[in-house]
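Q: Mind looking over this structure? Questions follow.
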Amino acid sequence: MSESSLWWKDAVIYQIYPRSFQDSNGDGIGDLNGIINRLDYIKDLGATAIWLCPVYESPNDDNGYDISNYQGIHPDFGTMDDFEALLSAAHAKGLKIIMDLVVNHTSDEHRWFLESRSDHSGPYRDYYIWRPGKNGGPPNNWNSWFGGPAWQYDKETNLYYLHIFSPKQPDLNWDNSSVRNSVFEMMTWWLDKGVDGFRMDVISLISKPTELPDSPGGDLSPFCINGPNVHKYLREMNDKVLSHYDIMTVGECPDITVEEAKQYAGFDQKELNMVFQFQHTTTTDGPLGKWSDRRVWLPDIKQIFFRWQTGLRGAAWNSLFWGNHDQPRAVSKFGDTREEFRELSAKMLATCLYLMQGTAYIYQGEELGMTNIEFPSLDKYRDIETIRAYHNLVDSGVVSHEEMMHYIYRVSRDNARTPMQWDASRNAGFSTGMPWIGVNPNYLYINAEKEQADGVSVLSYYKALLRFRKDNADMIRDGEFMPFWPEHDKIFGYTRSLNGSTLYVLCNFSDELMPLLGIDTHGHELETVLCNYTDPGPWALRPYEARVYLVQN
Ligand code: TEU
Ligand code: CA
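For the sequence shown, our numbering assigns the number 68 to the initial residue and increments by one for each residue that follows.
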């Protein structure tokens, strides 16, 4: 691989959830023209690429993760011409565009599924996973990740189809070579248009075992995650499509370990460039999975990052993120949203994350320190996962309404999906119409316009941090990673070293003053290069302080 094809190692990727980013025509839904209008903001932040969540035609059962036409743009977002205008405007500013590739499943309104369902002997029948029922019920006991059985009965043929997600998201049958070729052709079509890569939705789920056995407790994960042929199919994809372009790929891989990540994204594996792993986002899971109010315990998080940083070193590449469109807001989950600490902890979290080795991902609004939302009632929520989980757990009496709302406030995906907060005008400057989902009332004081004018805002700090990352690209990309004070339960510390220079990154994850222990610099000067407080402070870390020292060779 030539050096130029490794641009993704230094990339800073800004993730856009298009419905919630910027509405340009007053219909309450963010759109492509809205994104075009905000490209300067993204560029100015210091991002080098955009990951665009799905903008394809879709009945929106799961906000675009249920695609009915891979080669068409949803009219809510605009037209293919608008997309092409976005692509060339972004490229003109030096911003790359990474598309979301959702090929574990389609919408049940996709032409392939409509034909599969209606023509039992036609070429599309085998595009999906159809099975006869057992003992008057579904083929096995698997549960959908969105709740309820993972099988949907089809009256006409008296068969069931598999859906890991909603019944409107039937799983494709990747064992069928025509499915793979159709997907590869579609990918080629986008790449020929000039897009710069793919974020691959649940790509580790595409291969299912032919025998679809019952699972203890109905959990399909052990059978569908990293299924039997997943690596074979990804190598074929790499060989037929990916290897022909100078692009980047990141595979979303729930429940993945370091060893498995090396198989998907090993430098010599000829599959993907990197994966998203979720160990650091799932430490708070409880008996009801994500529906829990557990707090993050720093030693868990440290251990996970240390494992990934050292485990992938020299073998594969990390992706660095706190949040995305499925996660609660980073500062609400990992930081502290109390008034005096929100900005400090948001800046600290960014410092801690983006000076590690890996590609940086910023989820829209994170750079403002946007927080979770608490809507007063379920009918204000839009997310299918939240609504289905509420009914599964509350209607059956497993948890009370109050308890469930409490969990929803912590972890619902809608926390990340409230409109981007641009300014203090009506609807946060997101839309002149009625937004499809409620705006967080804190937009009056958390918004881009205000933060742009404020030299010590979260936004300004992000810009400085990303500039630092860029100016020290060799160190951040290649520097050796070492845990620092690994046993400390309040400070997340590590060093990066290259050519005799060392960067010390020290982050206080608590609201207490933390004395610093000695740092042996062998007589060299300790220069503070980044800090989220404006005054130098004592030889200690103040609440949520992030301090970065450089010891030059
Ligand atoms: O998410 C996959 C996934 O693992 C989610 O089910 C995740 O566990 C959940 O959202 C956490 O709350 C991807 C997309 O990112 C998500 O938006 C889609 O709904 C899902 O795939 C189906 O396409
Ligand atoms: Ca719109």
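For each residue, glycine too, the CB sits at the ideal point set by N, CA and C.
Say yes only if the C-beta of residue 175 is nearer than 8 Å to one or more non-hydrogen atoms of ligand 1, and no if none qualify.
A: Your numbering for residue 175 matches position 108 in the sequence shown. Residue 175 Cβ: outside cutoff for every heavy atom of ligand 1.
Q: Looking at the secondary structure, which residues open and close the alpha helix (DSSP H) in which residue 188 lies?
A: What you label residue 188 is simply residue 121 of the sequence shown in a count that begins at 1. Residue 188 -> no alpha helix (DSSP H), and no H or E assigned at all.
Q: Compute every distance between the C-beta of residue 290 and the non-hydrogen atoms of ligand 1, then say whether any falls below 8 Å.
A: Counting from one through the sequence shown, the residue named residue 290 turns up at place 223. Outside the cutoff, so no.
Q: Using the Cα positions of residue 147 and residue 266, report the straight-line distance between them to the nearest angstrom.
A: In the sequence shown, the residue the question calls residue 147 occupies position 80. In the sequence shown, the residue the question calls residue 266 occupies position 199. Taking the straight line from one Cα to the other gives about 20 Å.
Q: Figure out for me which residue from 444, 95, 135 has the closest Cα to the Cα of residue 498.
A: In the sequence shown, residue 498 corresponds to position 431, counting from 1. Closest by alpha carbon: 95.
Q: Alpha carbon to alpha carbon, how far is residue 524 from residue 220?
A: The count along the sequence shown starts at 1 and reaches residue 524 at position 457. The count along the sequence shown starts at 1 and reaches residue 220 at position 153. Approximately 53 Å, taken between the alpha carbons.
Q: What are the complete alpha helix (DSSP H) segments, minimum 4 residues, inside the region 155-218?
A: You should have 178-185.
Q: How many angstroms separate the CA atom of residue 70 from the CA atom of residue 541?
A: Here the question's residue 70 lines up with position 3 in the sequence shown. Here the question's residue 541 lines up with position 474 in the sequence shown. Residue placement at residue 70 cannot be trusted, given a pLDDT of 46 that sits under 50; the coordinates are not used to answer.
Q: Out of curiosity, what's the CA-to-CA distance linking residue 195 and residue 231?
A: Here residue 195 refers to the residue found at position 128 of the sequence shown. Here residue 231 refers to the residue found at position 164 of the sequence shown. Answer to the nearest angstrom: the Cα atoms are 12 Å apart.
Q: Would residue 623 and residue 408 qualify as a contact pair, given that the criterion is a beta-carbon distance under 9 Å?
A: Since the first residue of the chain shown is 68 and the last is 620, residue 623 is not available in this structure.
Q: Please output, in chain order, the residues near ligand 2 using a CB cut-off of less than 5 Å to any non-hydrogen atom of the ligand.
A: So the residues near ligand 2 by this Cβ test are 90, 92, 94, 96, 98.
Q: Can you tell me whether residue 376 is helix, strand or coil according to DSSP?
A: Counting from 1 along the sequence shown, the entry for residue 376 is found at position 309. Residue 376: helix per DSSP, three-state reduction.
Q: Note down the Cα distance separating residue 243 from residue 193, rounded to an integer number of angstroms.
A: Position 176 of the sequence shown, counting from 1, holds the residue named residue 243. Position 126 of the sequence shown, counting from 1, holds the residue named residue 193. Using only the alpha carbons, I get a separation of about 7 Å.
Q: In whole angstroms, what separates the C-alpha of residue 141 from that of residue 504?
A: As a first step, residue 141 is located in the sequence shown; it is residue number 74 there, counting from the start. As a first step, residue 504 is located in the sequence shown; it is residue number 437 there, counting from the start. Approximately 18 Å, taken between the alpha carbons.
Q: Does the Cβ of residue 238 lie closer than 8 Å to at least one heavy atom of ligand 1?
A: For the purposes of this step, residue 238 is taken as the residue at position 171 of the sequence shown. Every heavy atom of ligand 1 is 8 Å or more from the Cβ of residue 238, so no.
Q: For residue 101, collect the residues of the same chain with a Cβ closer than 7 Å to its Cβ; drop the 5 residues on either side in sequence, then sort them by chain order.
A: Counting from one through the sequence shown, the residue named residue 101 turns up at place 34. Correct list, in chain order: 88, 89, 90, 91.
Q: Roughly how many angstroms separate the alpha carbons of residue 533 and residue 549, rounded to a whole number?
A: Here the question's residue 533 lines up with position 466 in the sequence shown. Here the question's residue 549 lines up with position 482 in the sequence shown. Answer to the nearest angstrom: the Cα atoms are 21 Å apart.
Q: With distances taken between CB atoms, is the gap from residue 75 to residue 384 smaller than 9 Å?
A: One-based indexing of the sequence shown puts residue 75 at position 8. One-based indexing of the sequence shown puts residue 384 at position 317. For residue 75 and residue 384, yes; Cβs fall inside 9 Å.
Q: Residue 417: which of 406, 432, 405 sits nearest, CA to CA?
A: Here residue 417 refers to the residue found at position 350 when the sequence shown is read from its first residue. The shortest C-alpha separation from residue 417 is found at 432.
Q: Cβ of residue 167 within 9 Å of Cβ of residue 216?
A: The count along the sequence shown starts at 1 and reaches residue 167 at position 100. The count along the sequence shown starts at 1 and reaches residue 216 at position 149. No, Cβ-Cβ distance for residue 167 and residue 216 is not below 9 Å.
Q: First and last residue of the beta strand (DSSP E) that includes residue 470?
A: As a working note, residue 470 is residue 403 in the sequence shown. No beta strand (DSSP E) contains residue 470, which is instead part of the alpha helix (DSSP H) from 468-478.
Q: What is the DSSP secondary structure of residue 89, reduced to helix, strand or coil?
A: One-based indexing of the sequence shown puts residue 89 at position 22. In this structure, residue 89 counts as coil in the three-state DSSP scheme.
Q: What runs of the alpha helix (DSSP H), each 4 residues or longer, lie entirely inside the region 379-438?
A: The region 379-438 contains these whole alpha helix (DSSP H) runs: 397-401, 409-421.
Q: Going by DSSP, name the residue or residues bridged to residue 80.
A: As a first step, residue 80 is located in the sequence shown; it is residue number 13 there, counting from the start. According to DSSP, which records beta bridges pairwise, residue 80 is partnered with 116, 428.
Q: Is the Cβ-Cβ distance between residue 337 and residue 293 less than 9 Å?
A: Within the sequence shown, numbered from 1, the residue matching residue 337 stands at position 270. Within the sequence shown, numbered from 1, the residue matching residue 293 stands at position 226. It is not a contact, given that the beta carbons lie outside the stated cut-off.
Q: Measure the CB-CB distance between residue 197 and residue 224 and report whether it falls below 9 Å.
A: For the purposes of this step, residue 197 is taken as residue 130 along the sequence shown, with counting starting at 1. For the purposes of this step, residue 224 is taken as residue 157 along the sequence shown, with counting starting at 1. In this structure, residue 224 lies closer than 9 Å to residue 197 by Cβ.
Q: Between 593, 170, 392, which lies nearest to residue 297 when the distance is taken from Cα to Cα?
A: Working through the sequence shown from its first residue, we reach residue 297 at position 230. That would be 170, whose Cα lies nearest to the Cα of residue 297.
Q: From what residue to what residue does the alpha helix (DSSP H) around residue 300 run?
A: Residue mapping note: residue 300 aligns to position 233 of the sequence shown, counting from 1. Residues 297-307.
Q: Starting from residue 558 and walking both ways along the beta strand (DSSP E), at which residues does that stretch end?
A: Residue mapping note: residue 558 aligns to position 491 of the sequence shown, counting from 1. Here the beta strand (DSSP E) through residue 558 covers 558-565.
Q: Tell me whether residue 245 sits in a helix, a strand or coil according to DSSP, three-state version.
A: Residue mapping note: residue 245 aligns to position 178 of the sequence shown, counting from 1. The answer is helix: DSSP assigns residue 245 an H, G or I state.
Q: Of the residues 145, 123, 515, which one's Cα is nearest the Cα of residue 93?
A: Within the sequence shown, the letter at position 26 stands for residue 93. Looking at the Cα atoms, 145 is the closest of the given residues.
Q: Mapping DSSP to helix, strand and coil, what is residue 233?
A: By 1-based counting over the sequence shown, the position of residue 233 is 166. In the structure shown, residue 233 sits in coil (DSSP, three-state: anything other than H, G, I, E or B).
Q: Nearest-angstrom Cα distance between residue 606 and residue 457?
A: Position 539 of the sequence shown, counted from the first residue, corresponds to residue 606. Position 390 of the sequence shown, counted from the first residue, corresponds to residue 457. The straight-line gap from Cα to Cα measures roughly 48 Å.
Q: Please state if the CB of residue 358 and the CB of residue 249 are separated by a distance shorter than 9 Å.
A: Counting from one through the sequence shown, the residue named residue 249 turns up at place 182. Counting from one through the sequence shown, the residue named residue 358 turns up at place 291. Their beta carbons are not under 9 Å apart, which means residue 249 does not touch residue 358 by this criterion.
Q: Below 8 Å, is the gap between the Cβ of residue 480 and the nearest heavy atom of ligand 1?
A: As a first step, residue 480 must be located in the sequence shown, where it is residue number 413. True, at least one ligand heavy atom lies under 8 Å from that Cβ.
Q: Among 391, 247, 218, 483, which residue has its Cα nearest to the Cα of residue 308?
A: For the purposes of this step, residue 308 is identified with residue 241 of the sequence shown, where counting begins at 1. Answer by Cα proximity: 247.
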